[in-house]
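J.:
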Amino acid sequence: MITITPKRIFDVPIQATCINADVFTGKTLEEIKKLPITEGKENLILDEAFNISEDTAVETPNITLIGDFSKVKRIGQGMKTGEIIINGNVGMHTGEKLAGGKIIVNGNSDGWTGSEMKKGIIEIHGDAGDYTASPFRGTCTGMKGGLITVDGNVGSNVGCYLQGGTIKIKGSAGRFLGHRMTDGTIYVEKDCASRAGPFMTGGKIIITGAVELLMPTFTIDSIKPKVKVDANLTVQGPFYVFLGDIAERGTGKIFALKATNPALVSYEKYL
Amino acid sequence: MVEIIKSVVCPICGCLCDDLEVTVENNEIVKMKNGCAVCEAKMVHGYKSEERILEPHIRKDGKLVPVSMDEAIYKAAQILTDAKYPLLFGWTSSASETQHVGVELAEELGCALDNCCSVCHGPSVMAIQEIGIPTATLGQIRHRADLLVYWACDPWSAHPRHVERYTAFTDGRFEKSEFKEYVQKLKGKASQKKVEAAIRRTQVRYQPSPRPQAAVVEAPPQSLARDGRKMVVFDVRKTMTAEVADYFVQVEPNSDYEIFGAMRCLVNDQELDVDKVGGVPVDYLKEVVDVMVNANFGAIFFGLGLTQSVGRFRNIEIAIAMTRDLNRKTKFVISPMRGHFNVTGANTVFAWQTGYPFALDFSQGYPQYNPGEFTANDLLRRGDNDATLVISADPGAHFPKKSIQNMMKHPLITINPDWNAISRLGDVVFPAQWCGIEQAGTAYRMDSIAISLKKVVEAPKGVPPDEEIIRRILEEVRVIKTQKNKKEEEKGQGQQNLEKKM
Amino acid sequence: MTEILIKNGFVIDPLNKIDCQKMDIAIKDGRIVEKVNERDAKIIDASGLTVMAGGVDLHSHIAGSEVNLGRMLRPDDHVKDAVRKTTLTRSGTGYSIPSTYVTGYRYSKMGYTTVMNPSMAAMKAKHAHEELNDIPLIDKAAFTLLGDWWFALETIAKGDLEECARHIAWMIRATRSYAIKIVNPGGLESWGFGRNVHSLDDEVPNFALTPRDIVTGLAKVNTMLNMPHTIHLHTNNLGVPGNYKTTIETMQALESVYKGDNKPVGHITHIQFGSFAGDNWAHFKSGAAEIANYLNSHNHMTIDIGQVTFADTTTMTADGPFEFSLYELGGHNKWVNSDVETESSGGIIPFHFKKKNAVNAIQWSIGLELSLLIKDPWKVAMTTDHPNGGPFYHYPRVFAWLYSRKAREATLKKCNKKAQRKSLLPTIDREYTLYEIAIITRAGNAKTLGLKNKGHLGIGAEADVAIYNINPETTDIAQDYKPARKAFSNATYTIKDGEIVVKDKELVAIRPGRTMWLDVQTKEPLRIDEELKRKFKQYWTIEFDNYPVTDHYIKVPEKITIQASV
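Residue numbers (our numbering), protein chains in the order written: chain A, 12 to 282; chain B, 328 to 829; chain C, 6 to 571.
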């Protein structure tokens, strides 16, 4: 196990694509220390910004980060195997394009965490920022598989262009949740801000808290007693089921818990 | 000596009206024809401001003191090379030629580069990146549009000649001006006011009609049944433009997204499960959509009311989506009402050199793009940069307090013609010429047509064009960098020698 | 200026009928000369290498409003291909629409030295020239879109071709352009109200004329003006199944303009997109044989291919209605339409050409069939209609498919099964020789464009030279196609105007390229009176004085003066 701690408080962003279990594999501690990073425009080596130590006795997790990493971007980008634990907050693009392995954040994560990920697990035990699991600007393919769990709240534009995989949020979600999603599942245990699922053509969004305002482009389909989140989890209802986005001729589904959404009762007359 | 210069281009807003006639007497603009009130305010009066910066200043012991240009350039270059991650911001009131050198400077420094579009129509650009855009040059709209929709913008106040030059009040090949209709309407309004005044005089207790609150103020649109060009305005308040329009729909603030969604369904002949969206009855929306679908050529213009309210680029995205749907039935275009006269140019110039229109970062040696990550306000809010250069912009007046506070923690260089809010905060303050008045160059109109700005008067002595300042800073940066590299090499060699000896 | 002597290379110079001769090429003051003093000259040992003139691309969208809108549209495209700054070169981004500097670098590394930007809306000419200035290392020129310009339509409808010619001459000068580009004649004007024309004889709404009138009219005007290049024509019904008939009809219409002097009167560009047979997309098939048959028996046309290279690319054209119909087919997240008042329109859609897609694979096959079935290579120019069929730096792949049957069979095998069955390629044995490759990439293109000093290595020619690591004596490129393909993608040397810019496959010097433009002198110049100015004000939203491109917008101009015969 490699343990990394910041040597100082960073004032400009650090880009550290090299903090990645795949990159570290097969390298000696000395080699790892010499891996390149950038601090603003300056080219540094890992050792200049971080204290790095190795504990050969422990195998997993492969990398442990301790301290404030909120200015450090692109940790675990494109990682295929291995495990990273971050004890502290972490910066943008963590686990972007993740293709396997596991990233655990014991703190908050920033924007674009798990962006365009294909496989693997990201656990965030704090809040997650905007654009979690959403792709880069202008990209029309999003997260394809894997699992993201967030214990806290998430920002806006989470799970855009979702094509597969599951996002579980224990807290509340911001606006534009599951924008343009085509498949996959998003489960929000608390409240969801307005404009959930616009342009969605497939997949499901499950909300067991209050829905602030439903897009007019959704139409009520039925009331279901329960809904399956994934193989291990089924949530008891009853749920209002909405179909949409009809402007896109989509067949995505929003499940809103009946008990927490008395405002949606006006839709019942169309059933 | 009196000189009349024709076809002068107005360097204020994105309309770039190029038919001004300017009278110059003793190197001073004394009269102007054809321009709007905003234009006259700047071109006849504003540019002669007493608050003009006439020489470079550097902050010494907390006070700004005049220095030589060489000293200021050296100081600025030093600040920028010493910083780990500077930000270059502004650019939208400069000519494209200046913006061009700006990209080179940012690349040389390996820093962040952003233009004012990140606080105005950047969201429009981001929406285009998500979904594309069906658009047209303004002349196409002038010749053909028989339906004009102004959404969340007030050209009457912000782009005063837009309606007159490009849309409802101009004669096109296939559509005629509606100016006469408008004059009649105005007359009607005036007489109505007279009647009201008369009533007021006779009645002791006159009660003015209450201001309408977030609802449709007019009945379903009978006014839209007539022939000829029609104008519809969607806004949260009854603006001047709305007064002129054939139909005005007042929407609840921050509900445009839902309304567009509903209208999309209606365009696609789908039924809705709700009766009212954003405070507007769906039946009214149906009428408007009918008019849209039956138009020969429709045009939608949108402003900051969409780009900077809740939803931001998603608002534009869905507006464009609606325009796309409308194109399946008729011809429709949509176009942003760009603000500063060369904000479109900044996007254009940045894009052809780097591929990206704004929110750039060169820290990796190649261009990276991500609004939200590299946009000026986001960088400043997080306190990510450690030096700032502001050119032809005034974030001091427009940015949130937190951003300015973080900006002030580090050195600040400004390049502006007059002592605006940001110049007063600067550590190195450069003077600059007024682009389009004292300095020629290229600007891009809101529909990205390049137009040459003219130089009509001479700048005060010693005040250089901003392009020259940026170019000189770039040269100085290169000199400092080579010296640094040399020193490091020597140091490296020294160490090697030392190692050999050992 | 330094003198250079390229020694012992295998020189291929079709315009001077030199086919793989071992000879020396001498360069002095930016020109090819008889000989130089060997003691003073820089010697390039080219033994075992192939020496050709610098490549000439006659159709590649590299700059201008349309291209730049495409750039803005696709951050997802750029992020795949970021280019780092070096001490010599600027940074940028690539993939399907590279930024300006990167465009110049990549062309030069391929040994190309001249590129034509074929689609420039007149109103947006300043923008196009600003971008062209920023493309280093290559000479360039732009073609103005004039096929749906109101002045042209009105004068042609009136039957006054001389007046039309004077207007066009003015416009060519005002936009600093090199040729007349016609895109979907009549269709773009119709698109102003969301319609299109579907045959050569449909009437253009609001203008009493047909696409046939526009094409033949402008071809005649082109002859009157003595333009070096013919009209550059993007046909009607582009991208519609069964459109090969329209393409042949268009060529037949131009027979009336042809004088029988072997001087072509029209150039049909990216003809692959106009060679579709079948009634609909389900019955989509190749019309290449019919087109090739026609071209083999007629000499009044030249063409370029518009080859598909299977890439995730960005289609962009002034043909707005075509892009809309492409968007209507579905599956596209992004669609851009950009009309230009009184002149033109435009459209952009990101498009991924896939081998496993039947239509895409057949399109790929059509391009190659055309190149192989048209017997005379001087009629053919190799393009991908960058970025429509694929980015320009995929050219070497196309060369390989042409010079090696083995290469194209290897690709065909990976294609959609239905497309494989429909393809004519298995029946074609022809393999291009290096000599023929040189024709379709430089010699023929220079001839088609009327560029006298480019595309060859004769005495007096501009010293634009490409040296590739191909030894025609020891290698059989048809059998062993990969090394040659690699050699073509990165020239060992590129010489631009007598300066070595690529050495040992690396850029070693950066110099600006020139922008060529025509100053067409009509006997009687266009009368600029109040009447014209009034009309101008009516038609455009820019003042007459502010319309033309001034010298400020061209960094290194090369003015070519032409005497017109009207």
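For glycine and all other residues, C-beta sits at the position ideal for the given N, C-alpha and C.
Considering just the uninterrupted stretch of the beta strand (DSSP E) at Cys344 of chain B, what are its terminal residues?
T.: Counting from 1 along the second sequence, the entry for residue 344 of chain B is found at position 17. Taken as a continuous stretch (DSSP letters only), Cys344 of chain B belongs to no beta strand (DSSP E), as it is neither H nor E.
J.: Comparing alpha-carbon positions, which option in C:His203, C:Val38, C:Gln26, C:Thr105 lies nearest Trp679 of chain B?
T.: Locating residue 679 of chain B in the second sequence gives position 352, counting from the first residue. When each option's Cα is compared against that of Trp679 of chain B, the closest is C:Thr105.
J.: Between B:Phe757, B:Leu631, B:Asp713, which lies nearest to Ser445 of chain B when the distance is taken from Cα to Cα?
T.: Position 118 of the second sequence, counted from the first residue, corresponds to residue 445 of chain B. Checked all of B:Phe757, B:Leu631, B:Asp713; the closest Cα to Ser445 of chain B is B:Leu631.
J.: Mind checking which residues open and close the beta strand (DSSP E) that includes Asn62 of chain A?
T.: For the purposes of this step, residue 62 of chain A is taken as the residue at position 51 of the first sequence. Taken as a continuous stretch (DSSP letters only), the beta strand (DSSP E) holding Asn62 of chain A covers 61 to 65.
J.: With a cut-off of 8 Å, does the C-beta of Ala27 of chain A fall near any C-beta of chain B?
T.: As a position in the first sequence, residue 27 of chain A is number 16, starting the count at 1. Cβ-Cβ to chain B under 8 Å: no for Ala27 of chain A.
J.: Check Ala542 of chain B in the structure and name its three-state DSSP category.
T.: The sequence position of residue 542 of chain B within the second sequence is 215, counting from 1. Per-residue confidence for Ala542 of chain B stands at a pLDDT of 43, beneath the threshold of 50, marking its modelled position as unreliable; the derived number appears in the next sentence. Here Ala542 of chain B sits in coil by DSSP.
J.: Would you mind sorting Gln540 of chain B into buried or exposed? The rule is 16 or more other CB atoms within 10 Å of its CB.
T.: Residue 540 of chain B sits at position 213 when you count from the first residue of the second sequence. Model confidence at Gln540 of chain B stands at a pLDDT of 43, short of 50, so the residue's coordinates are unreliable; what they give is reported in the following sentence. By the 10 Å Cβ count, Gln540 of chain B comes out exposed.
J.: Less than 8 Å separating the beta-carbons of Thr464 of chain B and Val345 of chain C?
T.: As a working note, residue 464 of chain B is residue 137 in the second sequence. As a working note, residue 345 of chain C is residue 340 in the third sequence. The answer is yes: Cβ separation under 8 Å.
J.: Any beta-carbon of chain C closer than 8 Å to the one on Cys151 of chain A?
T.: Counting from one through the first sequence, the residue named residue 151 of chain A turns up at place 140. Yes, Cys151 of chain A lies at the interface with chain C (some Cβ there is under 8 Å from its Cβ).
J.: Once you ignore the five residues that flank Pro216 of chain C on each side, which residues in its own chain have a CB closer than 6 Å to its CB?
T.: One-based indexing of the third sequence puts residue 216 of chain C at position 211. These residues qualify, in order along the chain: Pro190, Gly191, Val202, Leu205, Asn241.
J.: Can you name, in chain order, every residue of its own chain whose Cβ lies under 6 Å from the Cβ of Val165 of chain A, other than the five neighbours on each side?
T.: Here residue 165 of chain A is taken as the residue at index 154 of the first sequence, counted from 1. Closer than 6 Å at the Cβ level, and outside the excluded window around Val165 of chain A, lie Ala139, Thr143, Ile180, Ala184.
J.: Taking the C-alpha atoms as reference points, what is the distance between Ile353 of chain C and Ile187 of chain C?
T.: For the purposes of this step, residue 353 of chain C is identified with residue 348 of the third sequence, where counting begins at 1. For the purposes of this step, residue 187 of chain C is identified with residue 182 of the third sequence, where counting begins at 1. One C-alpha to the other measures close to 18 Å.
J.: Assign Gly93 of chain A to one of two classes, buried (16 or more other C-beta atoms within 10 Å of its C-beta) or exposed (fewer than that).
T.: Indexing the first sequence from 1 puts residue 93 of chain A at position 82. Buried, by the Cβ-count rule.
J.: Just curious, the beta strand (DSSP E) that Asp33 of chain A is in, first and last residue?
T.: Residue numbering aside, residue 33 of chain A sits at position 22 when the first sequence is read from its first letter. Looking at the DSSP string, Asp33 of chain A is not in any beta strand (DSSP E); the run it does join, the alpha helix (DSSP H), is 32 to 35.
J.: Considering only the alpha carbon of each residue, which of B:Leu801, B:Val510, B:Glu816, B:Lys813 lies closest to Asp437 of chain B?
T.: For the purposes of this step, residue 437 of chain B is taken as residue 110 along the second sequence, with counting starting at 1. As written in the sequence, residue 437 of chain B is Gly, which differs from the Asp given in the question. Out of B:Leu801, B:Val510, B:Glu816, B:Lys813, B:Leu801 has the C-alpha closest to the C-alpha of Gly437 of chain B.
J.: Can you list the residues of chain A that Val578 of chain B reaches, using a CB-CB cut of under 8 Å?
T.: One-based indexing of the second sequence puts residue 578 of chain B at position 251. Going along chain A, no residue has its Cβ under 8 Å from Val578 of chain B, so there is no contact; the nearest lies around 13 Å.
J.: Determine the contact status of Arg206 of chain A and Phe229 of chain A, defining contact as a CB-CB distance below 8 Å.
T.: Here residue 206 of chain A is taken as the residue at index 195 of the first sequence, counted from 1. Here residue 229 of chain A is taken as the residue at index 218 of the first sequence, counted from 1. It is not a contact, given that the beta carbons lie outside the stated cut-off.
J.: Within 8 Å (strictly less), CB to CB, does Glu585 of chain B reach chain A?
T.: Numbered from its first residue, the second sequence carries residue 585 of chain B at position 258. Closer than 8 Å: yes.
J.: Let me know if Gln519 of chain B comes out buried or exposed under the rule of 16 or more other beta-carbons within 10 Å of its beta-carbon.
T.: As a working mapping, residue 519 of chain B is identified with position 192 in the second sequence. The residue in question, Gln519 of chain B, is exposed, as its Cβ has fewer than 16 Cβ neighbours within 10 Å.
J.: Taking the alpha-carbon of Pro382 of chain C as reference, which of C:Cys420, C:Tyr332, C:Glu333, C:Ile442 has the nearest alpha-carbon?
T.: Residue numbering aside, residue 382 of chain C sits at position 377 when the third sequence is read from its first letter. Nearest of C:Cys420, C:Tyr332, C:Glu333, C:Ile442 to Pro382 of chain C, Cα basis: C:Ile442.
J.: Taking only the alpha-carbon atoms, compute the straight-line gap between Arg410 of chain C and Glu328 of chain C and give it to the nearest angstrom.
T.: The residue you call residue 410 of chain C lines up with position 405 of the third sequence. The residue you call residue 328 of chain C lines up with position 323 of the third sequence. If I take the Cα positions, the gap works out to 33 Å.
J.: Give every residue of the same chain whose Cβ lies closer than 8 Å to the Cβ of Asn654 of chain B, excluding the five residues on either side of it in the sequence, and list them in chain order.
T.: Here residue 654 of chain B refers to the residue found at position 327 when the second sequence is read from its first residue. Excluding residues within five positions, the ones whose Cβ falls inside 8 Å are Pro461.
J.: Give the residues from the stretch 651 to 674 of chain B that approach chain D closer than 8 Å (Cβ to any Cβ), ordered along the chain.
T.: Among the protein chains of the structure shown, namely A, B and C, there is no chain D.
J.: Could you confirm whether any beta carbon from chain A is found closer than 8 Å to the beta carbon of Glu815 of chain B?
T.: What you label residue 815 of chain B is simply residue 488 of the second sequence in a count that begins at 1. Output row for Glu815 of chain B: interface = no.
J.: Mind checking Thr566 of chain C: buried by the 16 CB within 10 Å criterion, or exposed?
T.: Residue numbering aside, residue 566 of chain C sits at position 561 when the third sequence is read from its first letter. Per the 10 Å Cβ criterion, exposed.
J.: What's the C-alpha gap between Glu700 of chain B and Gly625 of chain B?
T.: Working through the second sequence from its first residue, we reach residue 700 of chain B at position 373. Working through the second sequence from its first residue, we reach residue 625 of chain B at position 298. So the alpha carbons of these two residues sit roughly 36 Å apart.
J.: Under 8 Å, Cβ to Cβ, is there at least one residue of chain B near Tyr398 of chain C?
T.: Here residue 398 of chain C refers to the residue found at position 393 of the third sequence. With 8 Å as the cut-off, Tyr398 of chain C does not count as an interface residue toward chain B.
J.: For Val84 of chain C, which option in A:Glu50, A:Arg148, A:His190, A:Ile43 has the closest C-alpha, if you only look at C-alpha atoms?
T.: Within the third sequence, residue 84 of chain C is the residue found at index 79, counting from 1. Per the Cα distances, A:Arg148.
J.: Check whether the stretch 384 to 392 of chain B touches the stretch 412 to 429 of chain B, counting contact only when three or more Cβ pairs, one atom from each stretch, lie closer than 8 Å.
T.: Judged by Cβ distances under 8 Å, the stretch 384 to 392 of chain B makes no contact with the stretch 412 to 429 of chain B, as fewer than three pairs qualify.
J.: Quick one: is Trp545 of chain C near chain B, going by C-beta distance under 8 Å?
T.: Residue 545 of chain C sits at position 540 when you count from the first residue of the third sequence. Taking Cβ atoms only, chain B reaches closer than 8 Å to Trp545 of chain C, which makes this a yes.
J.: Closer than 7 Å, Cβ to Cβ, to anything on chain B: give me those residues from the stretch 248 to 270 of chain A, in chain order.
T.: Against chain B - using a Cβ distance shorter than 7 Å - the residues of the stretch 248 to 270 of chain A are Ile257, Ala258.
J.: Can you tell me whether Met387 of chain C is helix, strand or coil according to DSSP?
T.: For this step, residue 387 of chain C is matched to residue 382 along the third sequence. Three-state DSSP puts Met387 of chain C in coil, outside helix and strand.
J.: If we count the other Cβ atoms within 10 Å of its Cβ and call it buried at 16 or more, is Leu230 of chain C buried or exposed?
T.: In the third sequence, residue 230 of chain C corresponds to position 225, counting from 1. It counts as buried.
J.: Go ahead and label Ala51 of chain C buried or exposed: buried means 16 or more other beta carbons lie within 10 angstroms of its beta carbon, across all protein chains shown.
T.: Counting from 1 along the third sequence, the entry for residue 51 of chain C is found at position 46. Counting Cβ neighbours within 10 Å, Ala51 of chain C comes out buried, since at least 16 surround it.
J.: Whose Cβ in chain A lies nearer than 7 Å to the Cβ of Val84 of chain C?
T.: The residue given as residue 84 of chain C occupies position 79 in the third sequence. Neighbours of Val84 of chain C on chain A, chain order: Phe147.
J.: Compare the C-beta of Trp522 of chain C against all C-beta atoms of chain B and say whether one is closer than 8 Å.
T.: The sequence position of residue 522 of chain C within the third sequence is 517, counting from 1. Judged by the 8 Å Cβ criterion, Trp522 of chain C is not in contact with chain B.
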